[in-house]
DNA sequence: TGCTGCATTATCAAATTGTTACCAACAGAT
DNA sequence: ATCTGTTGGTAACAATTTGATAATGCAGCA
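Protein chains in written order, with the working numbering: chain A, 1 to 235; chain B, 1001 to 1235.
Here it is as C-alpha cells:
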C-alpha cells in the first residue's frame, strides 16, 4: 500500500544478516540498503557473534539452520551477553518448520519470518521490531492529521495551532480512535481498551465522552457507526 | 488526503475463550491479560457465537467438549459466517483425544492445544496463530471489484470514490453476497448467516434490505435468481 | 384466471445515540 | 480546613436510525 518509507526512519537502523547461503544474505542486504538501512552479513553463528560485537546491530536476522553453529545456539549465546540482551532478533526459518519457530521464540527471538522471503513483509517486520525496541529514546510520540496534532508524550492536542485541553479519559479515547484512522472501534472494544477489562461503566458513558471531545475540538472528527462503534476520520 | 504520520501502533489482539469450566476460562483469561491481550469468555457454543459477534475476536480458543453446543458444531457455524471465515481458531482438547483433533482440523481449526494447558506454550501458539492470520501487514480487510470497494475494517462502501452509507444489516448482507461474487446464496442461507440461527424474521425482510442496498448504490449489483436466492455480480 | 414469488412503499416499534443536567470524588489553592 | 474547579460517571429524556412488517403492485406462467 502507501509507501511511507521516506519520512519515517530518521536514523536508519543497523542490521546484521546471518545465513549460510550468500545468495540470501546478498538479496536481503541489497533490499535493506535500498530502504536506507546499514547492513552487515555473516555466514554462520561464529562469524555472526564476532561481527555483532564489532558492528553493534540494532537488529539481527538469523537463519536457524547453519553449519558451524546453528541459530538457536547462536541466539542463546548472544542473549547471554549484556550488549545483546536487548537487541531485536528475527529468525529466518524454512516454511513449515514449526518446531524451530517455537524453539526460536522460546530462546528469545522476537519474531520469525518464513522463507522464501518477501521483501515487503520483511520490511514491515523489521520496522515493527525496531520500533518495539526503541520506544524510550525516541522523541515525542505524536499523531498528526493535517491541522490536528495529538502528542502522546506531552498529553496535548492542538488544532490549527490552538491547544485544546482534554481530560485524561477524553485524551485516551481520542488517542485510541486516532491510532487507527478510519478503523471502526466497537463499543466494547473501546471500553476494554480505555477503561480496562474489569471496570464496569454504564451504557452512555462512551457517548458522553465522545460528545465532550467533539465539543472541545469543534469539528467532528469522530464518526458514529450505528450498531457498531465509532471511528476517527479527518474529513 | 490527510498526511498521516507513521504511527502504526500494534494494538493487542482480542481473544475469546470458550470452555464450560469457569476455572479454565479464568485461568487462561488471567494469563492472557497479563500478556496484554484483551479477553472475553463464554461457557458454551451458543454463548460463544453470541459473544463473538459482539466482541469480534482475532482469535478464539475453543474447547471441544461442551454442553449445549460442542466445539465442532460451533466452529462449523462460525466458519459459515463471513465475519469469522478468517478468524484464527485454536481447539482445546483433552490429552489423547486424537479423534477430536483430527475432526477439529478438518472443520477449520488452525491449531489445537492439549490440556492441561501450559501458559508458555499457549502464548507461543497464540502468537504464531495471530501472526499467521494477520493479513501480511496490518492491512484493512476489504473486498474490491473495480469501482466498488467494501472495507470491512472501516465499515464503508465506496463506489466510484463516493462513500455510500449502509446500515449494519445492509452492510452485512452486501458483504456476504460480495464475499463470493457470482455465487447464488439461498434465502435460507442468507438468513442463517446474516441473521443467525435463532432469529426468526418474516419472508419479505431480505427483499427489503436488498432493495435498500440497490437503491443506495445506484447500479444493480445484486441479481435475483427467482425461486432460489440472490447473487452479487459486477456487470 | 389464479398462483407464485419478488419489488416497492409506507409505517411503526424497538434499538441506539445524542444531549443535558446533576452528583460524588478529587485536586489545588487559599 | 474550606473553598473551588475539574473530572468522570449516571440518569433521564430527546432525537434519530434501524429493521421488520403489512399492504399492494406486478410479472411470469400453468
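Backbone N, C-alpha and C define an ideal beta-carbon position, used for all residues, glycine too.
Predicted model, so just to flag it, every value in this text is computed and none were measured.
Would you report the Cα separation of residue i and residue j, rounded to the nearest angstrom?
i: residue 1168(B); j: residue 1197(B); result: 18 Å
i: residue 1081(B); j: residue 1186(B); result: 14 Å
i: residue 1131(B); j: residue 1227(B); result: 43 Å
i: residue 94(A); j: residue 63(A); result: 9 Å
i: residue 136(A); j: residue 166(A); result: In this prediction, residue 136(A) scores a pLDDT of 49, lower than 50, which makes its location untrustworthy; no coordinate-derived value is stated.
i: residue 193(A); j: residue 67(A); result: 46 Å
i: residue 116(A); j: residue 1201(B); result: 50 Å
i: residue 1213(B); j: residue 1189(B); result: 18 Å
i: residue 151(A); j: residue 92(A); result: 36 Å
i: residue 230(A); j: residue 1208(B); result: 26 Å
i: residue 58(A); j: residue 88(A); result: 6 Å
i: residue 142(A); j: residue 111(A); result: 26 Å
i: residue 219(A); j: residue 19(A); result: 53 Å
i: residue 1184(B); j: residue 1225(B); result: 8 Å
i: residue 1113(B); j: residue 1122(B); result: 7 Å
i: residue 1236(B); j: residue 54(A); result: It is not possible to answer for residue 1236(B), since the shown part of chain B is limited to 1001 through 1235.
i: residue 1203(B); j: residue 1211(B); result: 14 Å
i: residue 25(A); j: residue 1060(B); result: 38 Å
i: residue 1023(B); j: residue 21(A); result: 50 Å
i: residue 1027(B); j: residue 1105(B); result: 25 Å
i: residue 191(A); j: residue 206(A); result: 8 Å
i: residue 1199(B); j: residue 1109(B); result: 26 Å
i: residue 1133(B); j: residue 1118(B); result: 22 Å
Residues of chain B with CB closer than 9 Å to the CB of residue i, please, in chain order.
i: residue 228(A); result: 1155, 1168, 1171
Between residue i and the rest of its own chain, which residues show a CB-CB distance below 7 Å, the 5 nearest in sequence each way excluded?
i: residue 156(A); result: 163
i: residue 1160(B); result: 1147
i: residue 39(A); result: 15, 17, 29, 32, 33
i: residue 1233(B); result: 1181, 1182, 1221, 1223
i: residue 1175(B); result: 1082, 1150, 1152
i: residue 1042(B); result: 1016, 1018, 1048, 1051
i: residue 1035(B); result: 1123
Whose Cβ in chain A lies nearer than 7 Å to the Cβ of residue i?
i: residue 1033(B); result: 197
By the criterion of Cβ-Cβ separation under 8 Å, what are the contact partners of residue i in chain A?
i: residue 1056(B); result: 186, 189
i: residue 1038(B); result: 189, 192, 193, 197
Quick one: what's got a C-beta closer than 6 Å to residue i's C-beta in the same chain, skipping five residues either side?
i: residue 1158(B); result: 1149
i: residue 1074(B); result: 1045, 1048
i: residue 172(A); result: 194
i: residue 178(A); result: 143, 150, 232
i: residue 1216(B); result: 1164
i: residue 120(A); result: none
i: residue 1140(B); result: 1151, 1153
i: residue 145(A); result: 234
Taking 8 Å as the limit between beta carbons, can you name the residues of its chain near residue i, skipping five residues before and five after?
i: residue 1070(B); result: 1045, 1064
i: residue 1056(B); result: 1014, 1083
i: residue 1107(B); result: 1072, 1075, 1076, 1079
i: residue 1125(B); result: 1090, 1111, 1113
i: residue 1128(B); result: 1111
i: residue 170(A); result: 209, 212, 213, 216
Can you pull the chain B residues whose beta carbon is under 8 Å from the beta carbon of residue i, in chain order?
i: residue 231(A); result: 1154, 1155
i: residue 46(A); result: The contacting residues do not exist; residue 46(A) stays about 28 Å from chain B at best.
Could you check whether the Cβ of residue i sits closer than 7 Å to any heavy atom belonging to the ligand ZN?
i: residue 116(A); result: Inclusion of the ligand ZN in the displayed structure is not the case, the ligand content being empty and no account of it being possible.
Please compile the residues from chain B whose C-beta is within a distance smaller than 7 Å of the C-beta of residue i.
i: residue 225(A); result: 1155
According to a CB-to-CB cut-off of less than 7 Å, which residues of the stretch 1173-1206 of chain B neighbour chain A? none
Please give the ranges of any beta strand (DSSP E) in the stretch 207-233 of chain A, keeping only runs that are unbroken, at least 3 residues long and fully inside the region. 222-225, 229-232
As an exercise, report each continuous alpha helix (DSSP H) stretch of at least 4 residues that is fully enclosed by the stretch 69-98 of chain A, in chain order. 71-80
Residues within the stretch 64-85 of chain A neighbouring chain B, beta-carbon criterion of under 7 Å: none
Interface positions of the stretch 1010-1022 of chain B facing chain A (Cβ-Cβ less than 9 Å), listed along the chain: 1010, 1011, 1012, 1014
Note down, one range per segment and in chain order, each alpha helix (DSSP H) of at least 4 residues found wholly within the stretch 27-55 of chain A. 45-55
Which complete beta strand (DSSP E) runs does the stretch 1119-1199 of chain B hold, if anything under 3 residues is left out? 1142-1145, 1148-1151, 1156-1159, 1162-1164, 1184-1186
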